[in-house]
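Sequence positions in the sequence shown follow the UniProt record's numbering and run 1 to 877.
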Amino acid sequence: MARERDCWLQVISKGSCHTIRDLQPTADVKVGSKAHLLQVCAVAMPGFADSFWTPDYAAGLGVLFSKLQQGVQENRQILTIARMRAEAEEVYGQRLGDIAPAADKINGGFSRDDGASVRKAYDGVRTEMEDASRNHRKIAQNIRDLVVNPFARWCDAHESRIQDSQDELQARIKAHDRQAEIVKKLRSAYFNKCRLAEDIEEENKLAFQDPEMSPKVNKNIPEIKVSPQKEEQEEDEVYEIGDETYQPEQVKKILSHMMNTIKMGETKVPILGTYQNTSCGSDIVEYLQRHMGTTSVSYSERIGQDLVSNGFLRLVGNMSGLPEKKGPAARTFSIPVSPESGSESPVVGAVSEYLAGWNVLNNQHPNETQPERLRREARETDEKYKAGVKKLDELRCDLEEAIFLHLKFLERCELDRLKAIKTVVLDFSGTIGNVIPSLQSTVDNMVLYQETIQPGGDLRYLLENYRTGRFAPKVVTYENYYNKVDEQTFGVDLEARARADKKRVPIIVTTLLTYLDHHYPDLEGDEARRGIWLADVQLPQVHKLRAKINNGKPFSADVLAEFDIPTVAHLLKLYLLELPDSLVSSHVYEIIRTIYNTTTADSTDEARVAVLQQTLSQLRLTNIATLDACMNHFTRLIDLTSADEDYIQNLATTLAPCILRPRVDTSLTMEEKHACRLIRDLFAHKDAIFGELKRMSTLSHSGSVSNNRPRAISTDESNRRAHMEERQRALLEKAGPRGRDKSPAPGPRHRRDRSTGGPETRFPIASPTASSDRQRSSLGLNPMKRQSLEVPDGSGSSEVNGGTNGDSPKQDGESIVSKRDSLGRAGATGTRFVGGRRVTQGSTPSTPKVSAVDARPGNETPTQDRGVTLVDAPMMD
1 MARERDCWLQ VISKGSCHTI RDLQPTADVK VGSKAHLLQV CAVAMPGFAD
51 SFWTPDYAAG LGVLFSKLQQ GVQENRQILT IARMRAEAEE VYGQRLGDIA
101 PAADKINGGF SRDDGASVRK AYDGVRTEME DASRNHRKIA QNIRDLVVNP
151 FARWCDAHES RIQDSQDELQ ARIKAHDRQA EIVKKLRSAY FNKCRLAEDI
201 EEENKLAFQD PEMSPKVNKN IPEIKVSPQK EEQEEDEVYE IGDETYQPEQ
251 VKKILSHMMN TIKMGETKVP ILGTYQNTSC GSDIVEYLQR HMGTTSVSYS
301 ERIGQDLVSN GFLRLVGNMS GLPEKKGPAA RTFSIPVSPE SGSESPVVGA
351 VSEYLAGWNV LNNQHPNETQ PERLRREARE TDEKYKAGVK KLDELRCDLE
401 EAIFLHLKFL ERCELDRLKA IKTVVLDFSG TIGNVIPSLQ STVDNMVLYQ
451 ETIQPGGDLR YLLENYRTGR FAPKVVTYEN YYNKVDEQTF GVDLEARARA
501 DKKRVPIIVT TLLTYLDHHY PDLEGDEARR GIWLADVQLP QVHKLRAKIN
551 NGKPFSADVL AEFDIPTVAH LLKLYLLELP DSLVSSHVYE IIRTIYNTTT
601 ADSTDEARVA VLQQTLSQLR LTNIATLDAC MNHFTRLIDL TSADEDYIQN
651 LATTLAPCIL RPRVDTSLTM EEKHACRLIR DLFAHKDAIF GELKRMSTLS
701 HSGSVSNNRP RAISTDESNR RAHMEERQRA LLEKAGPRGR DKSPAPGPRH
751 RRDRSTGGPE TRFPIASPTA SSDRQRSSLG LNPMKRQSLE VPDGSGSSEV
801 NGGTNGDSPK QDGESIVSKR DSLGRAGATG TRFVGGRRVT QGSTPSTPKV
851 SAVDARPGNE TPTQDRGVTL VDAPMMD
């Protein structure tokens, strides 16, 4: 205890304090030694870095800093107790010291009786009073030297560290939030420009009026005539502003400096709306007084009125503002309209104001049409939007790195604070107990109190009661108007990423797992191979590797070779954490929790595995395939390195947030172990679970794929114009000449011996004597959109990504008619029925297709037994 107290006094007396980067172990503990491992294992609990995360970052940090500020107040309370006890001991010592002089002032007492026994008793009592006075003063001085002064300095430094961290993180969060708002506005502007460009193109394409029939444009449009002689006259003009006269070049410089110096903002005017890039009149007056040497407000107002009269300023309501446009045209010098040019006319004034933003001389695109201009503006807003998203992503990564660093630092600070309080209480009791044995009982109580302080337990209590969530980064992705994900990898939906890669499993997952498989032999020993998944990797290093490959394109192993193996492994975990939804979707989280919460006497592993199979079968095939690839990797690692039970449990705990996360992290879900138990079951029963999932996937999609799956609403509008044109063409073909409806008899080129099917029509009439066993095939399914889901065609089987789903069912005497996507999306060829024949889109209906069943000999059916097929061509919508 004495050695520990001496170390504390030495550290505090020097005024040393921790910094953010002072996170190394103590000097007498070697990194990697047994003592260091014991220190690491002793704090086997969640830390600050994985406990105070929320989607908006500020809420979780607010909870943490409120508790840390509470700790600052606790420090002040401890310090107040020690300071007031020192003052009390000082006052008590002074009063005890005043007793002997007061007694000596009495004459004729014990001073006259030198040898009496009573005198010795008196002297003994008097001496005890003086010793007691010295002892209490010594107690007061020891409390000041050992507790109050060093702890006060440490408390000030601790409060400063907490406040600095809070200020820095708040500034970063505010910058991130501002950029997020800017990205939202840029996204809205980008989408609006794209819609306007497409709308004007659609209007130009679908217009039915000839150019000669278009209404004549009113020729009474104000024209701007540019006269060289007029420009020469205007260049020689002199402007009188205030008491001074300025040349046009001087006015240009003044106005340019005003626009760069005076603060601009928005001004809301009732009825008229909001004006952009306006300035308050007081700001303009302040500028005139500071830069143009005006000495009074009245003279500044006169200069402002001259600027208004010359057309350099314009009034907005009751506020004076600079020109509304702050672009290049607004920065150039503009010659004001002379009074004699018709400014007194309200019509001419309105037209002049309308045409003020259109300057023929400064137009960079003079021959540009309106569709070209809108498309160019859409491209410009797209580039701004991309740049904004990229900047926001960089700010988010920097913010998360700073939060990680500060959270670790704050955890160390809080632990040091609790240890400091423990040491203060111990020293406080020691200063009293070592000097006054009569107060031993009080000291014992103090020692008992300080023994009850457990820094680790208090830190655990803080985490268990106030943690807000695990580290789950929320990526703000670039949303392309045409649903393309070609420029980013992280934060993109798993199925969208796999669809863009044209693989069942995203390329980034397979590349990382393959790279790790190839480099496991380079590591020394099985323990090093197992340890890469449990190692503590710095987030900035992982973000650096992430930035190199976050471009939506395949990457080579050379990029990964620049980093160590644990960084590559943690990149895979970061990719899974940044997915919009966990690999095992959060929609089945409650089902997983029910599976592991339901414990019965007859429950077995086989029953639980069967339920897990049914639950995981609800996932998308991309998720199942990716989960299967990951589990194959980890089970192979466990088998080849002969991992023990502790490693398997630690690995499952580490991977649990990457595989299964709830939709919202709460204090209850953070304590649940269902995700860890699920991974343990996937490790133990991988073959049984995924084998059954593959079999169920083959059976469920070998026949009709969309029986239990509703058609998704497409948001792809890239082929909308082609679809609308095809729809108009189909309507015209269907309508034909406006006359009496024709008989439903077949056309002259209809061959009854080639008809397929019975007397069914598109709208069949049920007959009590005939039954139809035809299966309804999938409507609207597109093989390119299913990816890992196989759609059978007329040949009976198909393969997608190397997987075969079996043969489609056939019936004797009846051919199978494949119903294709009517929209022809993703490059698929549409199929229509015209005049009783199947016609491929883009081909003429004069070449009927003969089915495989009808082509066989002996399969002809008498003509009198055939009915007439009424076919309504599908609309290309």
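Here a beta-carbon is modelled for each residue, glycine too, at the ideal position from N, C-alpha and C.
Asked	Found
Option nearest Ile591 by Cα separation, candidates Leu660, Leu651, Gly62	Leu660
Cβ neighbour criterion (16 or more within 10 Å) applied to Pro328	Below a pLDDT of 50, predicted positions are generally treated as unreliable, and Pro328, at 35, falls in that range; no measurement from the model is reported.
For Ala528, the nearest candidate out of Met670, Pro580, Tyr647, Asp687 (CA to CA)	Tyr647
Inside the stretch 387-445 only - beta strand (DSSP E) runs reaching at least 3 residues	none
Beta-bridge pairing of Glu240 - partner residues as DSSP gives them	Thr245
Thr274 (DSSP reduced to helix, strand or coil)	strand
Neighbourhood of Leu579 by C-beta, 7 angstroms cutoff - its chain only, sequence neighbours within 5 removed	Leu494
Straight-line Cα distance separating Ile262 from Arg161	37 angstroms
Complete beta strand (DSSP E) runs within the stretch 163-191 (minimum length 3 residues, chain order)	none
Whole alpha helix (DSSP H) elements within the stretch 511-569, 4-residue minimum	526-531, 539-549, 557-561
Beta-carbon proximity of Ile182 to Leu392, cut-off 9 angstroms	yes
Alpha-carbon to alpha-carbon, Gln69 and Glu89	31 angstroms
Alpha-carbon to alpha-carbon, Ser66 and Ala152	21 angstroms
Where the beta strand (DSSP E) containing residue 934 begins and where it ends	Outside the shown range of the chain, which is 1 to 877, sits residue 934, and nothing can be said about it.
Supposed contact pair Ile532 and Pro506 - C-beta distance, whole angstroms, cut 8 angstroms	Wrong, their Cβ atoms sit about 21 angstroms apart, outside the cutoff.
With 16 other Cβ atoms within 10 Å as the buried cut-off, status of Gln247	exposed
Classification of Asn597 by the beta-carbon crowding that lies within 10 angstroms, buried from 16 upward	exposed
Residue environment, Ser556, which counts as buried when at least 16 other CB atoms sit within 10 Å	exposed
Ile638 and Leu627 closer than 9 angstroms at C-beta	no
Candidates Phe683, Arg379, Leu399: closest to Ala629 by CA position	Phe683
Nonlocal neighbours in the same chain, by C-beta distance under 8 angstroms from Ala82, ignoring five residues either side	Ile143, Val147, Val148, Phe151, Val424, Phe428
Proximity winner among Gly491, His570, His519, relative to Ser582 (alpha-carbon distances)	Gly491
Asn135 vs Val537 beta-carbon contact at 9 angstroms	no
Rounded straight-line distance, which links the Cα of Lys268 to that of Thr274	4 angstroms
Distance CB(residue 889)-CB(Gly47) smaller than 9 angstroms	There is no way to answer for residue 889, as the model of the chain reaches only from 1 to 877.
Proximity winner among Asn277, Leu307, Lys686, relative to Ile254 (alpha-carbon distances)	Leu307
C-alpha gap between Glu383 and Asn483, whole angstroms	16 angstroms
Beta-carbon gap between Ala132 and Leu79 smaller than 9 angstroms	no
DSSP bridge partner residues for Leu660 (one or two, in chain order)	Val584
Residue range of the alpha helix (DSSP H) that includes Arg470	From DSSP, Arg470 is part of no alpha helix (DSSP H); its letter is neither H nor E.
Beta-carbon proximity of Ala643 to Asp526, cut-off 9 angstroms	yes
Where Phe110 sits in the DSSP three-state scheme	helix
C-beta contact flag for Ala694 and Asn632 at 9 angstroms	Inspection of the sequence shows that residue 694 is occupied by Lys rather than by Ala. No, Cβ-Cβ distance for Lys694 and Asn632 is not below 9 angstroms.
Nearest candidate by alpha-carbon position, reference Leu534, set Ser296, Thr654, Glu266	Thr654
Opening and closing residue of the alpha helix (DSSP H) in which Met84 lies	58-97
Which of helix, strand or coil DSSP assigns to Phe490	coil
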